[in-house]
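Below is one structure, written out as C-alpha cells; comments come after it.
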Amino acid sequence: MKTIIITGGAGFIGSHVVRLFVTKYPDYHIINLDALTYAGNLANLTDIENEPNYTFVRGDITDAAFLAELFGKYQPEGVIHLAAESHVDRSITDPMSFVMTNVVGTVNLLNAAKKSWLDSESGFDGKRFYHVSTDEVYGSLHNPDEFFTEETAYDPQSPYSASKAASDHFVRAYGNTYKMPVVLSNCSNNYGPNHFPEKLIPLMIHNIQQNKPLPVYGKGENVRDWLFVVDHARAIDTVFHKGKQGETYNIGGFNEWKNIDIVHLLCRVMDEKLGRPAGTSSQLITYVTDRAGHDLRYAIDANKIMNELGWEPSLQFEEGLNKTVDWFLANQEWLNNVTSGAYQGYYQDMYANR
Ligand code: NAD
Ligand code: TYD
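At position 164 of the sequence shown the residue is numbered 164 (full-length UniProt numbering), and the sequence of numbers has no breaks.
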C-alpha cells in the first residue's frame, strides 16, 4: 500500500483532492494532515471519514519536530501539499501568518520529506513531492492578449502571492540542489462546494440569500479565470501521477470573467432559484473601496497540461455555477456553522460588518 500525505485536506480544494484519492485509489493510504484553522473543517469530509484507507491527523506544518515524527511514523512515498493561508485580504492585514505557514511550513515539509526519504533504503526512488500553487505568483496582466504560461516571470503583488512565490522557489531549489523529486502546479481561481464564504463567489451566494449587501471592490472590472474545484482535483491527480519530475504545470479553465459580471450572473441565477422577481438581488450590489494593490487580470494558458498530460476541464462555467449554488442552498447547516463561527470562531470577527 502506498502512503500519501495530503496537507490542507480539510480546506476547500484539499477536501476535494482527499475525496478523489480516497475513493479512486483504495490501495493508497491517504493521510490528511491539517491544522484545522478557521478555513479547515472536517465537516467537508464526513462522507469518506470512515473509509479504511483514510486517516486524519491534526497538526501544524510550522512545527518541524511534529513533522519529523509524522514522517517517521507513516513513511509516506508521496506528499501533495495544499496547506496554506489562502485569502489575499487576510494577507494584507496579517502578512506574517502567511510567511509562517506558506513559506516556513513549506520548507519544514520539504525537510521532513527529504530526511525521511534519504533515510529509507530506496532514497528518492518512487517518491514525489507535489506542491500546489496559484497563478497569482505571476502578478497582474494588463494586455488583453497576454496569458500566464509556465515561462512567465514571477511578479507577485500581494503578501499572499509573495508567500506562495517564495514557497514555489524553495520547492524548485530543493529539486535542483538536493535532486528531490518535485513537481508543481499553478492554478487559477477555483469555485465550488465547500468554498469558504470569505472568497468572492461563496460570499456573494451567502449574502444574496441573506439579503445582505454584495461588496464589489472598486468598479468590479478585475478579471479572474475560474475553474470548478473538482476539475482542479482531477488535474492534481493527473499531475501527481503523470507529471514529469521537476516540471511545472499551469491549470486553468480558459474562463475569464469580470467580477461584476459574475455577481450579476449569480444574482440572476439566485433570483430564479429563490423565486424572487428578476432584478431583486442585483439591487444589493454595493461598490466598496478597492482592495489595496488589487491585481487587474489573471489568465492562464493551460495548453501544457492539456497537450502533454491529457487533462481538460469537464464543466462549463454556467453548469458549475449552478451546481455550486445548489450545493450552498442544500447545505445550510454547513454555511450557518461556518458563518456563525460554530466551526472555528474566526469568520465572525473579521467579516461580521460586511
Ligand atoms: P483553504 O484556505 O480553503 O484551506 C487551507 C487549509 O490548510 C485549511 O484546511 C487549513 O486548516 C489548512 N492549514 C492552514 N495553515 C496550516 C498549517 N500551518 N498547518 C496545517 N494545515 C494548515 O485553501 P484552498 O482555497 O483550499 O487552497 C488550497 C491550496 O491551493 C493553497 O495552497 C492555495 O494557495 C492553492 N490555490 C488555491 C486556489 C483557490 O482559488 N482557492 C487557486 C489556486 C491555488
Ligand atoms: P477572491 O475570491 O478573494 O480571490 P483572489 O483575490 O485570490 O482572486 O477575489 C476574487 C475577485 O473578487 C478579486 O478581484 C477581488 C474581488 N472581490 C470583491 O470584489 N468583493 C469581495 O467581497 C471579495 C472577497 C472579492
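By construction, the Cβ of each residue, glycine as well, lies at the ideal position given by its N, Cα and C atoms.
| query | result |
| --- | --- |
| When you compare each of Ala299, Ile300, Met270, Ala162 to Leu329 by their alpha carbons, which one comes out closest? | Met270 |
| Considering only residues of the same chain and omitting the five flanking positions on each side of Asn207, which have a CB-CB separation below 6 Å? | Leu214 |
| If you count every other CB in all the chains shown that lies within 10 Å of the CB of Ser15, and 16 or more means buried, which is it? | buried |
| Threshold first: 4 residues or longer. Then list the alpha helix (DSSP H) segments lying entirely within the segment 11–98, N to C. | 12–24, 64–74, 88–93, 95–98 |
| Measuring from the CB of Gly220, is there a heavy atom of the ligand TYD at a distance below 7 Å? | yes |
| Using a Cβ-Cβ cut-off of 7 Å (strictly less than) and excluding sequence neighbours within five positions of Ser282, which residues of its own chain qualify? | His264, Cys267 |
| Under the rule that 16 or more other beta-carbon atoms within 10 Å means buried, what is Met96, buried or exposed? | exposed |
| Mapping DSSP to helix, strand and coil, what is Asp349? | In this prediction, Asp349 has a pLDDT of 49, which is less than 50 and means its spatial position is unreliable; what the coordinates show is noted afterwards. Helix, per DSSP. |
| When you compare only the Cα positions, how much space is there between Asp89 and Val223? | 17 Å |
| Check the C-beta distance from Phe196 over to Asn255 and give it rounded, since I have them as a contact under 8 Å. | The Cβ separation is near 21 Å, so there is no contact. |
| For the structure I just gave you, are there three or more beta carbon pairs, one from the segment 118–125 and one from the segment 153–171, closer than 8 Å? | no |
| Can we count Pro215 as close to the ligand TYD, meaning its CB is less than 7 Å from some heavy atom? | yes |
| Return the bridge partner residues of Thr248 from the DSSP annotation. | Leu184 |
| Using only CA atoms, which one of Met306, Asp295, Trp327 lies nearest to Gly139? | Asp295 |
| On the premise that Phe129 lies in contact with Val79, defined as a C-beta separation below 8 Å, what is that separation, rounded to the nearest angstrom? | 5 Å |
| Which whole-angstrom value describes the C-beta separation of Thr7 and Ile61, a residue pair presumed to lie in contact below a C-beta threshold of 8 Å? | 6 Å |
| If you measure from the CB of Ala233, is any heavy atom of the ligand NAD nearer than 7 Å? | no |
| Return yes when the C-beta of Ser86 is under 7 Å from any heavy atom of the ligand NAD, and no when it is not. | yes |
| Just confirm the distance between the C-beta atoms of Gly126 and Glu77, as a whole number of angstroms; I'd bet it's less than 8 Å. | 6 Å |
| Measure the C-alpha to C-alpha separation of His169 and Tyr154 and round it to an integer number of angstroms. | 10 Å |
| State the beta-bridge partners of Asp225 as determined by DSSP. | Glu256 |
| In whole angstroms, give me the CA-to-CA distance for Asn102 and Ala84. | 5 Å |
| So, at 6 Å on beta carbons, what are the nonlocal neighbours of Tyr343 in its own chain, with the 5 sequence-adjacent residues on each side left out? | Asn41, Asn337 |
| Measure the beta-carbon distance from Pro159 to Phe66 and round it to whole angstroms, keeping in mind my assumption that it falls under 8 Å. | Their Cβ separation, rounded to whole angstroms, is 25 Å, which puts Pro159 and Phe66 out of contact at 8 Å. |
| Measuring from the CB of His264, is there a heavy atom of the ligand TYD at a distance below 7 Å? | no |
| Have a look at the DSSP bridge pairing and note the partners of Lys2. | Tyr28 |
| Pick from Ile300, Ile305, Trp226, Glu333: whose alpha carbon is nearest that of Ala144? | Note that residue 144 corresponds to Pro in the displayed sequence, not to Ala. Selected option, being the one with the closest Cα: Ile300. |
| To which residues does DSSP link Phe129 through a beta bridge? | Val79, Val182 |
| Within the same chain, show all residues whose beta-carbon is closer than 8 Å to that of Ala233, passing over the 5 residues directly before and after it, in chain order. | Ile13, His16, Val17, Arg19, Leu20 |
| Under three-state DSSP, which class holds Arg354? | Caution is warranted here: a pLDDT of 42 is assigned to Arg354, below 50, making its placement in the model unreliable, and the coordinate value is therefore given only provisionally. In this structure, Arg354 counts as coil in the three-state DSSP scheme. |
| Please tell me whether, using a cut-off of 7 Å, the distance from the CB of Leu335 to the nearest non-hydrogen atom of the ligand TYD is below it. | no |
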